[in-house]
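Numbering (our numbering), first residue to last: 3 to 390.
First up is the structure itself, then whatever we jot down about it.
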(Lines of atoms letter the chains of each structure in order from A; the text may use other names.)
(Lines give C-alpha, C1' and ligand atoms only; values in the text may rest on other atoms or scores of the structure.)
Protein backbone atom coordinates (compact mmCIF):
# COMPACT_ATOMS: atom_id res chain seq x y z
CA UNK A 3 0.00 0.00 0.00
CA UNK A 4 1.07 3.58 -0.68
CA UNK A 5 1.03 5.66 2.50
CA UNK A 6 -0.51 9.12 2.60
CA UNK A 7 2.38 10.21 4.82
CA UNK A 8 4.90 9.85 2.02
CA UNK A 9 5.32 13.07 0.01
CA UNK A 10 6.59 12.01 -3.39
CA UNK A 11 5.25 12.75 -6.87
CA UNK A 12 4.03 9.14 -7.15
CA UNK A 13 2.14 9.17 -3.84
CA UNK A 14 0.66 12.60 -4.56
CA UNK A 15 -0.51 11.27 -7.93
CA UNK A 16 -1.98 8.09 -6.44
CA UNK A 17 -4.04 9.89 -3.79
CA UNK A 18 -5.31 12.62 -6.13
CA UNK A 19 -6.09 10.59 -9.26
CA UNK A 20 -9.56 9.12 -9.82
CA UNK A 21 -8.82 5.42 -9.46
CA UNK A 22 -12.31 4.34 -10.55
CA UNK A 23 -11.82 6.07 -13.90
CA UNK A 24 -8.38 4.48 -14.33
CA UNK A 25 -9.69 1.02 -13.48
CA UNK A 26 -12.51 1.34 -16.05
CA UNK A 27 -10.06 2.41 -18.77
CA UNK A 28 -7.71 -0.50 -18.07
CA UNK A 29 -10.67 -2.93 -18.00
CA UNK A 30 -11.66 -1.64 -21.45
CA UNK A 31 -8.14 -2.31 -22.79
CA UNK A 32 -8.16 -5.88 -21.48
CA UNK A 33 -11.62 -6.46 -22.95
CA UNK A 34 -10.33 -5.18 -26.28
CA UNK A 35 -7.60 -7.85 -26.32
CA UNK A 36 -10.12 -10.59 -25.55
CA UNK A 37 -12.53 -9.49 -28.29
CA UNK A 38 -9.70 -9.03 -30.80
CA UNK A 39 -8.84 -12.72 -30.39
CA UNK A 40 -12.08 -13.37 -32.28
CA UNK A 41 -12.09 -10.56 -34.85
CA UNK A 42 -8.39 -10.40 -35.73
CA UNK A 43 -7.37 -13.89 -37.00
CA UNK A 44 -9.75 -14.15 -40.01
CA UNK A 45 -8.67 -10.74 -41.34
CA UNK A 46 -4.97 -11.58 -40.82
CA UNK A 47 -5.30 -14.91 -42.65
CA UNK A 48 -7.24 -13.27 -45.47
CA UNK A 49 -4.41 -10.84 -46.24
CA UNK A 50 -1.58 -13.33 -45.71
CA UNK A 51 -0.41 -12.34 -42.22
CA UNK A 52 0.24 -14.59 -39.19
CA UNK A 53 -2.96 -15.67 -37.46
CA UNK A 54 -2.51 -13.58 -34.31
CA UNK A 55 -0.76 -10.64 -36.00
CA UNK A 56 -3.33 -8.03 -34.97
CA UNK A 57 -3.63 -9.40 -31.44
CA UNK A 58 0.13 -9.32 -30.92
CA UNK A 59 0.41 -5.82 -32.33
CA UNK A 60 -2.41 -4.60 -30.10
CA UNK A 61 -0.70 -6.11 -27.07
CA UNK A 62 2.50 -4.28 -28.03
CA UNK A 63 0.58 -1.00 -28.34
CA UNK A 64 -0.76 -1.41 -24.80
CA UNK A 65 2.61 -0.73 -23.15
CA UNK A 66 3.13 2.76 -24.67
CA UNK A 67 -0.60 3.43 -24.29
CA UNK A 68 -0.55 2.86 -20.52
CA UNK A 69 2.75 4.73 -20.14
CA UNK A 70 1.36 7.73 -22.06
CA UNK A 71 -1.83 7.84 -19.98
CA UNK A 72 0.17 7.80 -16.75
CA UNK A 73 2.77 10.30 -17.98
CA UNK A 74 0.20 12.83 -19.23
CA UNK A 75 -1.86 12.43 -16.05
CA UNK A 76 1.07 13.87 -14.05
CA UNK A 77 0.80 17.21 -15.91
CA UNK A 78 -0.46 20.39 -14.29
CA UNK A 79 -3.29 22.37 -15.88
CA UNK A 80 -0.73 24.60 -17.56
CA UNK A 81 1.15 21.56 -18.82
CA UNK A 82 -2.07 20.07 -20.26
CA UNK A 83 -2.82 23.30 -22.14
CA UNK A 84 0.71 23.58 -23.54
CA UNK A 85 0.88 19.98 -24.70
CA UNK A 86 -2.58 20.22 -26.27
CA UNK A 87 -1.67 23.41 -28.15
CA UNK A 88 1.54 21.92 -29.55
CA UNK A 89 -0.26 18.69 -30.51
CA UNK A 90 -3.09 20.60 -32.21
CA UNK A 91 -0.72 22.77 -34.28
CA UNK A 92 1.37 19.78 -35.37
CA UNK A 93 -1.72 17.66 -36.01
CA UNK A 94 -3.41 20.22 -38.25
CA UNK A 95 -0.17 20.70 -40.20
CA UNK A 96 0.19 16.95 -40.67
CA UNK A 97 -3.46 16.69 -41.78
CA UNK A 98 -2.71 19.20 -44.54
CA UNK A 99 0.38 17.21 -45.57
CA UNK A 100 -1.57 13.93 -45.51
CA UNK A 101 -4.31 15.39 -47.69
CA UNK A 102 -1.75 16.51 -50.28
CA UNK A 103 1.02 13.89 -50.12
CA UNK A 104 -0.43 10.94 -48.19
CA UNK A 105 -1.25 7.60 -49.84
CA UNK A 106 -4.81 7.06 -51.06
CA UNK A 107 -6.61 4.42 -48.99
CA UNK A 108 -10.28 3.71 -49.74
CA UNK A 109 -10.60 6.96 -51.67
CA UNK A 110 -9.15 9.25 -48.97
CA UNK A 111 -5.74 10.66 -48.03
CA UNK A 112 -5.83 10.37 -44.23
CA UNK A 113 -2.46 8.78 -43.50
CA UNK A 114 1.10 10.02 -43.58
CA UNK A 115 4.13 7.74 -43.64
CA UNK A 116 7.27 8.12 -41.52
CA UNK A 117 9.34 5.34 -43.01
CA UNK A 118 7.65 2.04 -42.03
CA UNK A 119 5.33 3.80 -39.55
CA UNK A 120 1.92 5.03 -40.69
CA UNK A 121 0.20 7.83 -38.77
CA UNK A 122 -3.34 9.20 -38.96
CA UNK A 123 -2.95 12.82 -37.75
CA UNK A 124 -6.69 13.46 -37.36
CA UNK A 125 -6.76 11.03 -34.43
CA UNK A 126 -4.37 13.27 -32.48
CA UNK A 127 -6.11 16.47 -33.50
CA UNK A 128 -9.35 15.45 -31.75
CA UNK A 129 -8.32 15.45 -28.05
CA UNK A 130 -5.94 18.39 -28.55
CA UNK A 131 -8.67 20.43 -30.25
CA UNK A 132 -11.06 19.80 -27.35
CA UNK A 133 -8.57 21.07 -24.76
CA UNK A 134 -7.56 24.12 -26.83
CA UNK A 135 -11.20 25.03 -27.55
CA UNK A 136 -12.07 24.65 -23.84
CA UNK A 137 -9.11 26.91 -23.02
CA UNK A 138 -10.36 29.58 -25.44
CA UNK A 139 -13.94 29.41 -24.11
CA UNK A 140 -12.78 29.62 -20.48
CA UNK A 141 -10.49 32.59 -21.13
CA UNK A 142 -13.32 34.39 -22.88
CA UNK A 143 -15.62 33.75 -19.90
CA UNK A 144 -13.10 34.93 -17.29
CA UNK A 145 -11.41 37.87 -19.05
CA UNK A 146 -13.26 40.63 -20.88
CA UNK A 147 -10.09 41.73 -22.67
CA UNK A 148 -9.64 38.27 -24.20
CA UNK A 149 -11.69 37.42 -27.34
CA UNK A 150 -11.93 33.80 -26.28
CA UNK A 151 -15.31 33.19 -27.89
CA UNK A 152 -14.08 34.48 -31.24
CA UNK A 153 -10.92 32.35 -31.02
CA UNK A 154 -13.00 29.28 -30.17
CA UNK A 155 -15.20 29.93 -33.21
CA UNK A 156 -12.12 30.36 -35.38
CA UNK A 157 -10.63 27.09 -34.14
CA UNK A 158 -13.45 25.02 -35.65
CA UNK A 159 -13.00 25.89 -39.35
CA UNK A 160 -9.20 25.86 -39.03
CA UNK A 161 -9.49 22.29 -37.71
CA UNK A 162 -12.17 20.79 -39.94
CA UNK A 163 -11.15 22.26 -43.32
CA UNK A 164 -7.99 20.06 -43.53
CA UNK A 165 -10.17 17.07 -42.60
CA UNK A 166 -12.70 17.84 -45.34
CA UNK A 167 -9.89 18.09 -47.88
CA UNK A 168 -8.76 14.51 -47.14
CA UNK A 169 -11.85 13.88 -47.06
CA UNK A 170 -12.80 12.61 -43.58
CA UNK A 171 -16.45 13.44 -42.98
CA UNK A 172 -16.79 11.17 -39.92
CA UNK A 173 -14.06 12.90 -37.91
CA UNK A 174 -15.34 16.28 -39.07
CA UNK A 175 -18.81 15.48 -37.79
CA UNK A 176 -17.46 14.20 -34.47
CA UNK A 177 -15.29 17.27 -33.84
CA UNK A 178 -18.15 19.60 -34.75
CA UNK A 179 -20.55 17.85 -32.38
CA UNK A 180 -18.06 18.07 -29.50
CA UNK A 181 -17.42 21.75 -30.27
CA UNK A 182 -21.19 22.42 -30.13
CA UNK A 183 -21.35 20.64 -26.76
CA UNK A 184 -18.53 22.87 -25.46
CA UNK A 185 -20.31 25.95 -26.79
CA UNK A 186 -23.49 24.91 -24.99
CA UNK A 187 -21.71 24.19 -21.67
CA UNK A 188 -19.90 27.54 -21.95
CA UNK A 189 -23.27 29.34 -21.76
CA UNK A 190 -24.71 29.26 -25.25
CA UNK A 191 -28.18 30.74 -25.62
CA UNK A 192 -30.96 28.45 -26.85
CA UNK A 193 -31.31 30.55 -30.00
CA UNK A 194 -27.71 29.67 -30.87
CA UNK A 195 -28.49 26.01 -30.21
CA UNK A 196 -31.25 26.09 -32.83
CA UNK A 197 -29.00 27.98 -35.27
CA UNK A 198 -26.12 25.55 -34.84
CA UNK A 199 -28.52 22.64 -35.27
CA UNK A 200 -29.77 24.12 -38.55
CA UNK A 201 -26.19 24.70 -39.73
CA UNK A 202 -25.32 21.13 -38.84
CA UNK A 203 -28.21 19.75 -40.89
CA UNK A 204 -27.15 22.03 -43.73
CA UNK A 205 -23.60 20.68 -43.49
CA UNK A 206 -24.83 17.07 -43.68
CA UNK A 207 -26.95 17.93 -46.74
CA UNK A 208 -23.98 19.66 -48.38
CA UNK A 209 -21.78 16.63 -47.70
CA UNK A 210 -24.42 14.43 -49.31
CA UNK A 211 -24.44 16.64 -52.42
CA UNK A 212 -20.71 17.22 -52.88
CA UNK A 213 -19.00 14.09 -51.50
CA UNK A 214 -19.61 10.99 -53.60
CA UNK A 215 -18.61 8.45 -50.91
CA UNK A 216 -20.92 10.13 -48.36
CA UNK A 217 -23.83 10.04 -50.82
CA UNK A 218 -23.11 6.39 -51.62
CA UNK A 219 -23.08 5.38 -47.96
CA UNK A 220 -26.32 7.24 -47.23
CA UNK A 221 -28.03 5.66 -50.25
CA UNK A 222 -26.97 2.18 -49.21
CA UNK A 223 -28.13 2.81 -45.67
CA UNK A 224 -31.55 4.11 -46.76
CA UNK A 225 -32.07 1.49 -49.48
CA UNK A 226 -31.53 -1.84 -47.72
CA UNK A 227 -32.75 -3.77 -50.80
CA UNK A 228 -30.10 -2.32 -53.12
CA UNK A 229 -27.91 -5.40 -52.64
CA UNK A 230 -24.71 -3.40 -52.12
CA UNK A 231 -24.55 -3.44 -48.35
CA UNK A 232 -22.97 -6.81 -47.54
CA UNK A 233 -21.33 -5.23 -44.48
CA UNK A 234 -24.78 -4.18 -43.26
CA UNK A 235 -26.15 -7.68 -43.82
CA UNK A 236 -23.37 -9.48 -41.96
CA UNK A 237 -23.30 -7.00 -39.07
CA UNK A 238 -27.04 -7.59 -38.59
CA UNK A 239 -26.62 -11.33 -39.03
CA UNK A 240 -23.91 -11.45 -36.34
CA UNK A 241 -26.30 -10.25 -33.63
CA UNK A 242 -29.06 -12.58 -34.87
CA UNK A 243 -26.87 -15.66 -34.77
CA UNK A 244 -25.20 -14.72 -31.50
CA UNK A 245 -28.38 -14.23 -29.51
CA UNK A 246 -28.15 -13.45 -25.82
CA UNK A 247 -25.14 -15.62 -24.96
CA UNK A 248 -23.20 -15.96 -28.23
CA UNK A 249 -21.94 -18.86 -30.30
CA UNK A 250 -18.70 -19.09 -28.31
CA UNK A 251 -15.21 -17.57 -28.71
CA UNK A 252 -13.82 -18.29 -32.18
CA UNK A 253 -17.09 -19.80 -33.46
CA UNK A 254 -18.43 -16.76 -35.30
CA UNK A 255 -19.14 -16.75 -39.03
CA UNK A 256 -19.81 -13.08 -39.81
CA UNK A 257 -16.19 -12.08 -39.11
CA UNK A 258 -15.09 -14.10 -42.14
CA UNK A 259 -17.18 -11.85 -44.39
CA UNK A 260 -16.66 -8.45 -42.73
CA UNK A 261 -13.53 -6.79 -44.19
CA UNK A 262 -12.96 -4.66 -41.07
CA UNK A 263 -13.90 -7.21 -38.41
CA UNK A 264 -10.87 -6.20 -36.31
CA UNK A 265 -11.56 -2.44 -36.42
CA UNK A 266 -14.89 -0.88 -37.43
CA UNK A 267 -17.01 -4.01 -36.86
CA UNK A 268 -15.38 -5.51 -33.76
CA UNK A 269 -18.62 -4.86 -31.85
CA UNK A 270 -20.55 -7.08 -34.30
CA UNK A 271 -18.00 -9.88 -33.88
CA UNK A 272 -18.34 -9.53 -30.11
CA UNK A 273 -22.13 -9.75 -30.40
CA UNK A 274 -21.95 -13.01 -32.38
CA UNK A 275 -19.32 -14.80 -30.31
CA UNK A 276 -20.03 -13.47 -26.80
CA UNK A 277 -23.68 -12.51 -27.08
CA UNK A 278 -25.86 -9.50 -26.42
CA UNK A 279 -25.32 -9.79 -22.65
CA UNK A 280 -21.58 -9.16 -22.99
CA UNK A 281 -22.26 -6.33 -25.45
CA UNK A 282 -24.54 -4.70 -22.88
CA UNK A 283 -21.79 -5.04 -20.26
CA UNK A 284 -19.40 -3.33 -22.68
CA UNK A 285 -21.93 -0.53 -23.22
CA UNK A 286 -22.21 -0.24 -19.43
CA UNK A 287 -18.45 0.15 -19.14
CA UNK A 288 -18.45 2.99 -21.66
CA UNK A 289 -21.43 4.56 -19.87
CA UNK A 290 -19.59 4.39 -16.52
CA UNK A 291 -16.57 6.24 -17.96
CA UNK A 292 -18.76 8.93 -19.52
CA UNK A 293 -20.95 9.44 -16.45
CA UNK A 294 -17.91 9.40 -14.15
CA UNK A 295 -16.24 12.08 -16.25
CA UNK A 296 -19.35 14.28 -16.30
CA UNK A 297 -19.76 13.88 -12.54
CA UNK A 298 -16.15 14.97 -11.96
CA UNK A 299 -16.64 17.89 -14.34
CA UNK A 300 -19.62 19.05 -12.32
CA UNK A 301 -17.62 18.97 -9.10
CA UNK A 302 -14.76 21.19 -10.28
CA UNK A 303 -14.80 24.96 -9.74
CA UNK A 304 -12.28 25.73 -12.46
CA UNK A 305 -13.96 26.83 -15.70
CA UNK A 306 -11.26 25.46 -17.98
CA UNK A 307 -11.19 22.08 -16.23
CA UNK A 308 -14.97 21.79 -16.31
CA UNK A 309 -15.16 22.55 -20.04
CA UNK A 310 -12.20 20.36 -20.98
CA UNK A 311 -13.42 17.38 -18.93
CA UNK A 312 -16.89 17.70 -20.45
CA UNK A 313 -15.46 17.94 -23.96
CA UNK A 314 -13.08 14.99 -23.60
CA UNK A 315 -15.79 12.84 -22.04
CA UNK A 316 -18.22 13.79 -24.80
CA UNK A 317 -15.61 12.99 -27.45
CA UNK A 318 -14.96 9.56 -25.92
CA UNK A 319 -18.65 8.74 -25.52
CA UNK A 320 -19.72 9.98 -28.95
CA UNK A 321 -17.00 7.99 -30.73
CA UNK A 322 -18.13 4.83 -28.93
CA UNK A 323 -21.80 5.55 -29.67
CA UNK A 324 -21.15 6.17 -33.38
CA UNK A 325 -19.19 2.94 -33.75
CA UNK A 326 -21.85 0.88 -31.96
CA UNK A 327 -24.65 2.61 -33.88
CA UNK A 328 -22.96 1.68 -37.18
CA UNK A 329 -22.60 -1.93 -36.03
CA UNK A 330 -26.26 -2.13 -35.05
CA UNK A 331 -27.38 -0.45 -38.32
CA UNK A 332 -28.63 2.76 -36.70
CA UNK A 333 -26.22 4.90 -38.76
CA UNK A 334 -24.39 4.68 -42.09
CA UNK A 335 -20.81 3.39 -41.99
CA UNK A 336 -18.37 6.02 -40.68
CA UNK A 337 -15.01 4.24 -40.43
CA UNK A 338 -14.67 5.08 -36.73
CA UNK A 339 -13.02 2.80 -34.19
CA UNK A 340 -14.45 1.61 -30.88
CA UNK A 341 -12.21 3.22 -28.21
CA UNK A 342 -9.56 0.85 -26.82
CA UNK A 343 -11.37 -2.16 -28.34
CA UNK A 344 -10.76 -1.82 -32.09
CA UNK A 345 -7.30 -2.52 -33.48
CA UNK A 346 -5.20 0.52 -34.42
CA UNK A 347 -1.93 2.10 -33.38
CA UNK A 348 -2.83 5.72 -34.10
CA UNK A 349 -6.21 5.24 -32.47
CA UNK A 350 -4.74 3.69 -29.31
CA UNK A 351 -2.04 6.34 -28.84
CA UNK A 352 -4.43 9.23 -29.52
CA UNK A 353 -6.95 7.75 -27.08
CA UNK A 354 -4.13 7.47 -24.55
CA UNK A 355 -3.40 11.16 -25.03
CA UNK A 356 -7.06 12.12 -24.63
CA UNK A 357 -7.69 9.94 -21.59
CA UNK A 358 -4.38 11.10 -20.12
CA UNK A 359 -5.67 14.66 -20.40
CA UNK A 360 -8.92 13.52 -18.77
CA UNK A 361 -7.18 11.82 -15.84
CA UNK A 362 -4.89 14.84 -15.33
CA UNK A 363 -7.80 17.28 -15.33
CA UNK A 364 -9.91 15.21 -12.92
CA UNK A 365 -7.16 14.95 -10.28
CA UNK A 366 -7.89 16.59 -6.93
CA UNK A 367 -6.08 19.90 -6.59
CA UNK A 368 -5.94 22.64 -3.92
CA UNK A 369 -8.82 25.04 -4.33
CA UNK A 370 -7.65 28.57 -5.16
CA UNK A 371 -9.59 31.50 -3.68
CA UNK A 372 -8.82 34.98 -4.97
CA UNK A 373 -8.74 37.96 -2.58
CA UNK A 374 -11.42 39.69 -4.64
CA UNK A 375 -13.70 36.69 -4.13
CA UNK A 376 -13.32 36.59 -0.33
CA UNK A 377 -16.48 37.66 1.55
CA UNK A 378 -16.19 40.71 3.86
CA UNK A 379 -14.82 40.08 7.32
CA UNK A 380 -12.79 36.98 6.47
CA UNK A 381 -9.07 36.65 6.95
CA UNK A 382 -6.98 37.51 3.88
CA UNK A 383 -5.71 34.41 2.13
CA UNK A 384 -4.98 33.41 -1.41
CA UNK A 385 -5.13 29.65 -1.14
CA UNK A 386 -7.40 27.58 0.98
CA UNK A 387 -5.83 24.22 1.73
CA UNK A 388 -8.98 22.30 1.05
CA UNK A 389 -9.05 19.50 -1.48
CA UNK A 390 -11.99 19.07 -3.84
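Using N, Cα and C, we set each Cβ at its ideal position, and we do this for glycine too.
Just so it is clear, the structure is predicted and the values come from calculations on it, not from any experiment.
- Positions of the alpha helix (DSSP H) runs, each at least 4 residues long and wholly inside the stretch 282-364, are given as 305-329, 347-363 in order along the chain.
- Residue pairing by DSSP places residue 110 opposite 107 in a beta bridge.
- The beta carbons of residue 314 and residue 187 sit no closer together than 7 Å.
- Within its own chain, the residues whose Cβ lies closer than 6 Å to the Cβ of residue 140, once the five positions on either side in sequence are excluded, are 305, 306, 309, listed in chain order.
- Secondary structure note for residue 120: its beta strand (DSSP E) is the uninterrupted segment 119-121.
- Taking C-beta atoms as the reference points, residue 329 and residue 269 count as a pair closer than 7 Å.
- Under the three-state reduction of DSSP output, residue 241 falls in the helix class.
- The distance from the Cβ of residue 174 to that of residue 127 is about 11 Å, inconsistent with a contact at the 8 Å cut-off.
- At least 7 Å separates the beta-carbon of residue 273 from that of residue 245.
- In the structure shown, residue 173 adopts helical secondary structure according to DSSP, grouped into three states.
- A straight-line Cα-Cα distance of about 24 Å links residue 134 and residue 340.
- The beta carbon of residue 257 is closer than 7 Å to those of 40, 41, 44, 263, 271 in its chain, skipping five residues each way along the sequence.
- Secondary structure of residue 56 (DSSP, three-state): helix.
- Taking C-beta separations shorter than 7 Å and ignoring five residues to either side along the sequence, the partners of residue 164 in its chain run 94, 97, 98, 101, following chain order.
- Residue pairing of residue 115 in beta bridges, as defined by DSSP: 120.
- Between the beta-carbon of residue 75 and that of residue 19 there is about 6 Å, and that keeps the pair under the 8 Å contact cut.
- A straight line joining the alpha-carbon of residue 158 with that of residue 207 spans about 19 Å.
- Note on geometry: alpha-carbon atoms of residue 114 and residue 121 lie some 5 Å from one another.
- For residue 146, the secondary structure class from DSSP, reduced to helix, strand or coil, is coil.
- Your pair residue 239 and residue 253 does not check out as a contact, with CB atoms roughly 14 Å apart and the cut at 8 Å.
- Contact between residue 85 and residue 354 is ruled out by a C-beta separation of about 13 Å, above the 8 Å threshold.
- For residue 29, the enclosing alpha helix (DSSP H) stretches over residues 21-48.
- A residue is called buried once 16 or more other Cβ atoms fall within 10 Å of its Cβ, and residue 53, having fewer, is exposed.
- Secondary structure at residue 134: helix, using DSSP grouped into helix, strand and coil.
- The three-state reading of DSSP puts residue 261 in coil, since its state is none of H, G, I, E or B.
- Excluding sequence positions up to five before and after residue 82, its CB lies within less than 7 Å of the CB of 133, 359, 362, 363, all in the same chain and listed in chain order.
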